[in-house]
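>
Number of protein chains: 4
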Amino acid sequence: MTSHAEHAGGPERGAPVANSGVSMLTQYIRNALARAHYEIIQDAEPFYGEVPDLAGVWATGLTLEQCRDSLASAIEDWLLFSIANHLEIPALGDLVIAVPERAA
Amino acid sequence: MTSHAEHAGGPERGAPVANSGVSMLTQYIRNALARAHYEIIQDAEPFYGEVPDLAGVWATGLTLEQCRDSLASAIEDWLLFSIANHLEIPALGDLVIAVPERAA
Amino acid sequence: MTSHAEHAGGPERGAPVANSGVSMLTQYIRNALARAHYEIIQDAEPFYGEVPDLAGVWATGLTLEQCRDSLASAIEDWLLFSIANHLEIPALGDLVIAVPERAA
Amino acid sequence: MTSHAEHAGGPERGAPVANSGVSMLTQYIRNALARAHYEIIQDAEPFYGEVPDLAGVWATGLTLEQCRDSLASAIEDWLLFSIANHLEIPALGDLVIAVPERAA
Numbered sequence: 223m224t225s226h227a228e229h230a231g232g233p234e235r236g237a238p239v240a241n242s243g244v245s246m247l248t249q250y251i252r253n254a255l256a257r258a259h260y261e262i263i264q265d266a267e268p269f270y271g272e273v274p275d276l277a278g279v280w281a282t283g284l285t286l287e288q289c290r291d292s293l294a295s296a297i298e299d300w301l302l303f304s305i306a307n308h309l310e311i312p313a314l315g316d317l318v319i320a321v322p323e324r325a326a
Numbered sequence: 223m224t225s226h227a228e229h230a231g232g233p234e235r236g237a238p239v240a241n242s243g244v245s246m247l248t249q250y251i252r253n254a255l256a257r258a259h260y261e262i263i264q265d266a267e268p269f270y271g272e273v274p275d276l277a278g279v280w281a282t283g284l285t286l287e288q289c290r291d292s293l294a295s296a297i298e299d300w301l302l303f304s305i306a307n308h309l310e311i312p313a314l315g316d317l318v319i320a321v322p323e324r325a326a
Numbered sequence: 223m224t225s226h227a228e229h230a231g232g233p234e235r236g237a238p239v240a241n242s243g244v245s246m247l248t249q250y251i252r253n254a255l256a257r258a259h260y261e262i263i264q265d266a267e268p269f270y271g272e273v274p275d276l277a278g279v280w281a282t283g284l285t286l287e288q289c290r291d292s293l294a295s296a297i298e299d300w301l302l303f304s305i306a307n308h309l310e311i312p313a314l315g316d317l318v319i320a321v322p323e324r325a326a
Numbered sequence: 223m224t225s226h227a228e229h230a231g232g233p234e235r236g237a238p239v240a241n242s243g244v245s246m247l248t249q250y251i252r253n254a255l256a257r258a259h260y261e262i263i264q265d266a267e268p269f270y271g272e273v274p275d276l277a278g279v280w281a282t283g284l285t286l287e288q289c290r291d292s293l294a295s296a297i298e299d300w301l302l303f304s305i306a307n308h309l310e311i312p313a314l315g316d317l318v319i320a321v322p323e324r325a326a
C-alpha cells in the first residue's frame, strides 16, 4: 500500500490502519478515557473525572455519562492544543502520537 | 457540565461530544473518508483513492479496503501536520476543527 | 446503485449506508450507548450501566470504560437474540432496524 | 465485568469488547468488505462488487465508492436475514457470529 499526504510527507506505511479501522487519535482518546478516575463530590455537578496521566485535564457533570462526555472533550482540547503548540504528549501504553515533521 | 483542559483553556462546553460519543477528530476523518473518490488503475496496487477536499491526500492498495485504510492514515497524517503547522483545515460539511487558542 | 443479497431479497436502495459509511447495526449500538445511564454503586465492580430503552440490558465493570465495553456486548447480544427470535426492537431516535422479510 | 442482556441470557464475559470498541457485527461486515472482489463491467453502473464467501451478495454502482456502500448494505441485509431465519453464517477468518440461544 502507498499513501500520500502532501503536507505530511506521506511516508510509505507498511501497516495500514489496523483491521478495526481506528485511527491513532481516536485510540489515544480511548486510552485516556480508559485511565480516567471518577469520584462523587459535594457539588452542584456531583460527578468528577480526571485523567491522572494528563495534567490539568478534568471534567464534572450532573450525571456520570455527562461527566464522561465532557472529559472526552477536555482530552480532545488538550490534545489539539498540545499538537498545535508542540508540547509533550505522553505515551499511553504503547501508543505514541507521532506528528509528521516535514512536508512532501 | 464543566470540563477543564489546563493547556487548552478548558472552555465550558454546553454540548458534550456529539450524540454518538464520537470525537471531533474521529468525525473529521470519517467525513473525509465519506467524501473519498476511488478508481481502479493500471498498477501493481490497482486501487487508488483520494479526498478531493484535501489537496495532496491520496493512497493506493492491493484491495479497495487496504486502499481505504491507507487513505485513512494519510488523512490523519495530513490532519496532524496541519494542526502542528497552523495550516488551514477545510470544513467538511458542518464540521470545523477548532484548535483551542490559549492556555488556562 | 444496485445491490443484491440473494437471501434477503436485495431491494434497490436509493440511499446507501449513511454518510459516515456506518452500518445500521453499528449505528444502533452507538445510539444505544449514547442513551446509557451509569451509576457508581457499592460493589466489587463499582460501575453500573444500563440502557433504559432496552429492558434488561445492563452491565458492571471495575472501571467506567470496562462497564461501557461490557454494556456494548450486552446490547449486541440483546440485538442478535431479538433478531433471531423476531422480538420487537425499539426505534432509537430515527433509527429502526429493518429485517428483510423475504428471500429473492 | 458482568453484563446482562435479559433476552439473551447475558453470559458473564471474561473479555469485554476489545479496546477498539468494535462490535462483532461491525467486524463481520468489515471482514466481508475486506474479502470483496470488484470489477469494471459493461453496464450503466460500471462498477461491480461481490463477496465470494457470501453466495448471492453483490452490488453495482456508478462509482466505486457507491458500489462499496451498496455492497455494505447488501452484506448487512444478508446478515440480518440469515440471523432472523437461522441460516448458516460462514466464519470469516476467526470471526464467528454467535447468536445467543436462550433467554435469561
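Protein chains in written order, with my numbering: chain A, 223 to 326; chain B, 223 to 326; chain C, 223 to 326; chain D, 223 to 326.
Note that CB positions come from ideal geometry on N, CA and C, so glycine has one too.
How about B:Leu-314 and B:Asp-265: do their beta carbons lie closer than 9 Å?
Counted from its first residue, the second sequence places residue 314 of chain B at position 92. Counted from its first residue, the second sequence places residue 265 of chain B at position 43. Cβ distance not < 9 Å, so B:Leu-314 and B:Asp-265 don't count as in contact.
> Between the Cα of D:Leu-302 and those of C:Ala-320, C:Ile-297, C:Pro-312, spot the shortest distance and give me the residue it belongs to.
Sequence index remark: in the fourth sequence, residue 302 of chain D carries index 80 (1-based). Closest by alpha carbon: C:Ala-320.
> Can you give me the C-alpha to C-alpha distance between B:Ala-256 and D:Glu-287, rounded to a whole angstrom?
Numbered from its first residue, the second sequence carries residue 256 of chain B at position 34. Numbered from its first residue, the fourth sequence carries residue 287 of chain D at position 65. The alpha-carbon atoms of B:Ala-256 and D:Glu-287 are separated by roughly 9 Å.
> Tell me whether A:Glu-310 is buried or exposed, calling it buried when 16 or more other Cβ atoms sit within 10 Å of its Cβ.
The sequence position of residue 310 of chain A within the first sequence is 88, counting from 1. Result: exposed.
> Can you tell me whether D:Gly-236 is buried or exposed? The criterion is at least 16 other CB atoms within 10 Å of its CB, across all chains shown.
Stepping through the fourth sequence from its first residue, residue 236 of chain D is reached at position 14. With a pLDDT of only 35 at D:Gly-236, under 50, the local geometry of the prediction cannot be trusted, and no value is derived from it.
> Tell me which same chain residues have a C-beta within less than 6 Å of the C-beta of C:Met-246, skipping the five on either side of it?
On the third sequence, position 24 is the one that residue 246 of chain C refers to. Within the same chain, no residue comes within 6 Å of C:Met-246 by CB-CB distance, once the 5 residues on both sides are set aside.
> Using Cβ-Cβ distances below 9 Å, what residues of the region 243-256 of chain D are close to chain B?
Arg-252, Leu-255, Ala-256
> Once DSSP output is grouped into helix, strand and coil, what is the label at C:Ala-227?
Counting from 1 along the third sequence, the entry for residue 227 of chain C is found at position 5. Strand at C:Ala-227.
> Quick check on this structure: which residue in A:Gly-283, A:Ser-225, A:Trp-300 has the alpha carbon closest to the alpha carbon of B:Glu-267?
Residue mapping note: residue 267 of chain B aligns to position 45 of the second sequence, counting from 1. Nearest of A:Gly-283, A:Ser-225, A:Trp-300 to B:Glu-267, Cα basis: A:Ser-225.
> What in chain A is Cβ-close to B:Leu-317, meaning under 9 Å?
The residue you call residue 317 of chain B lines up with position 95 of the second sequence. Under a criterion of Cβ atoms nearer than 9 Å, no residue of chain A is adjacent to B:Leu-317; the nearest Cβ is some 13 Å distant.
> In the structure shown, what three-state DSSP assignment does C:Leu-317 receive?
Your numbering for residue 317 of chain C matches position 95 in the third sequence. C:Leu-317 falls in the strand class under three-state DSSP.
> Between the alpha carbons of C:Trp-280 and C:Ile-305, how many angstroms are there, rounded?
Taking the third sequence and counting its residues from 1, the one referred to as residue 280 of chain C is at position 58. Taking the third sequence and counting its residues from 1, the one referred to as residue 305 of chain C is at position 83. If I take the Cα positions, the gap works out to 19 Å.
> Among the residues of its own chain, which have a CB less than 6 Å from the CB of C:Tyr-270, if the five just before and after it don't count?
Residue numbering aside, residue 270 of chain C sits at position 48 when the third sequence is read from its first letter. Glu-261, Ile-263, Thr-282, listed in sequence order.
> Of the choices D:Val-244, D:Val-273, D:Asp-316, whose alpha-carbon is the least far from that of D:Arg-290?
Position 68 of the fourth sequence holds residue 290 of chain D. Considering only alpha carbons, the answer is D:Val-273.
> Would you say A:Thr-282 faces chain C, with C-beta separation under 9 Å as the test?
Start at 1 with the first residue of the first sequence, and residue 282 of chain A comes out as number 60. Taking Cβ atoms only, chain C never reaches closer than 9 Å to A:Thr-282, which makes this a no.
> By DSSP, does A:Glu-323 sit in helix, in strand, or in coil?
Locating residue 323 of chain A in the first sequence gives position 101, counting from the first residue. Residue state, collapsed to three classes: coil.
> Would D:Pro-258 and D:Leu-284 be called neighbours here (beta carbons separated by less than 9 Å)?
Position 36 of the fourth sequence, counted from the first residue, corresponds to residue 258 of chain D. Position 62 of the fourth sequence, counted from the first residue, corresponds to residue 284 of chain D. Pro is not the amino acid found at residue 258 of chain D; the sequence shown has Ala there. The answer is no: Cβ separation not under 9 Å.
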